[in-house]
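Asks:
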Amino acid sequence: MSKVFNSKSKDKLDHPKRRKALPPRETLLQLGLQVSDIVADIGCGTGYFTIPALDIVGGDVYAIDISDEMLDSVKSKVSSERLKLVKSDFNHLMIADESSSFALLSMVLHEVDDPRKFLQEVNRVLKKDGRLAIIEWKKIEMKMGPRYSHRMDIADIEKYTGGSFVLVKEIDLSENFYGCVWKKRAK
Numbered sequence: 159m160s161k162v163f164n165s166k167s168k169d170k171l172d173h174p175k176r177r178k179a180l181p182p183r184e185t186l187l188q189l190g191l192q193v194s195d196i197v198a199d200i201g202c203g204t205g206y207f208t209i210p211a212l213d214i215v216g217g218d219v220y221a222i223d224i225s226d227e228m229l230d231s232v233k234s235k236v237s238s239e240r241l242k243l244v245k246s247d248f249n250h251l252m253i254a255d256e257s258s259s260f261a262l263l264s265m266v267l268h269e270v271d272d273p274r275k276f277l278q279e280v281n282r283v284l285k286k287d288g289r290l291a292i293i294e295w296k297k298i299e300m301k302m303g304p305r306y307s308h309r310m311d312i313a314d315i316e317k318y319t320g321g322s323f324v325l326v327k328e329i330d331l332s333e334n335f336y337g338c339v340w341k342k343r344a345k
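First residue of the sequence shown: 159, per the numbering used here; consecutive thereafter.
(1) Take residue 279 and list the residues in its own chain whose beta-carbon comes closer than 8 Å to its own, dropping the five residues that flank it on each side.
(2) Consider the Cβ of residue 305: report whether some Cβ of chain D lies at a distance smaller than 8 Å.
(3) What residue ranges within the region 262-329 form continuous alpha helix (DSSP H) runs of no fewer than 4 residues, ordered along the chain?
(4) Which runs of the alpha helix (DSSP H), 4 residues or longer, sit entirely within the region 170-230?
(5) Mapping the DSSP letters down to three states, classify residue 257 as helix, strand or coil.
(6) Residue 320 to residue 339, Cα distance in whole Å?
(7) Identify every residue that forms a DSSP beta bridge with residue 243.
(8) Given this structure, state the Cα-to-Cα distance separating residue 178 from residue 337, to the nearest angstrom.
(9) Between residue 199 and residue 219, which are expected to be in contact by the criterion C-beta below 8 Å, what is the C-beta distance as a whole number of angstroms?
(10) Below 8 Å on the Cβ atoms is my contact criterion, and I expect residue 226 with residue 242 to pass it. Report the Cβ-Cβ distance as a whole number of Å.
(11) Determine the burial state of residue 300: buried for a count of at least 16 other Cβ atoms within 10 Å of its Cβ, exposed for fewer.
(12) If you check the beta carbons only, do residue 322 and residue 277 fall under 8 Å apart?
(13) Tell me which same chain residues have a C-beta within less than 8 Å of the C-beta of residue 235, skipping the five on either side of it?
(14) My understanding is that residue 297 touches residue 309, with C-beta atoms under 8 Å, so please give their C-beta distance in whole angstroms.
Given below as structure tokens:
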């Protein structure tokens, strides 16, 4: 069973402390989001990164989540023809092959049961030269966030990519979070 974030705690997703530690617009720019990108915000939650992505890119932004409640939260905050709300399931993102150039997984990968299979699905939706940005909890003991045993470091993620992605950038985002950017490996 996946270790899915409880939507009843969704207020934690947009807390002032989180905004200070992980300012959404600045974080997206650090991760390399560009005006020309088409974004797949996978596990979008309440739209913490989805909404600023809409302000940065000129193309579509897919807000993808397994929770209707989370998608409704995004919908209540922003109205744009470029926003595509997508209800997915654990194993299928419900968007077309090669439909995005930039996929974002923010505090998502540690929640899935089969990260290798999940990253294969992310690979499917990325364009040929697409990039995957991952934000995760640092693999250290701390009071907040998931259990230590659920945390992943870059070496763990690389193991799960199965060679489908090449690491291009590591970012120390705060005392609690790190980011990494991967490029889809050419076939």
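Even glycine gets a Cβ: it sits at the ideal position worked out from N, Cα and C.
Replies: Walking through what the data contain:
(1) 249, 250 and 251
(2) Among the chains of the structure shown, chain D does not appear; only one protein chain is present.
(3) 273-283 and 312-319
(4) 174-179, 182-188 and 208-214
(5) coil
(6) 16 Å
(7) Bridge partners of residue 243: 221.
(8) Approximately 16 Å between the Cα atoms of the pair.
(9) Confirmed, Cβ separation roughly 6 Å.
(10) Actually they are not in contact, since the Cβ atoms of residue 226 and residue 242 sit about 15 Å apart, beyond 8 Å.
(11) exposed
(12) yes
(13) If the five residues before and after residue 235 are omitted, its C-beta is found closer than 8 Å to the C-beta atoms of 204, 205 and 209, all from its own chain and listed in chain order.
(14) 4 Å
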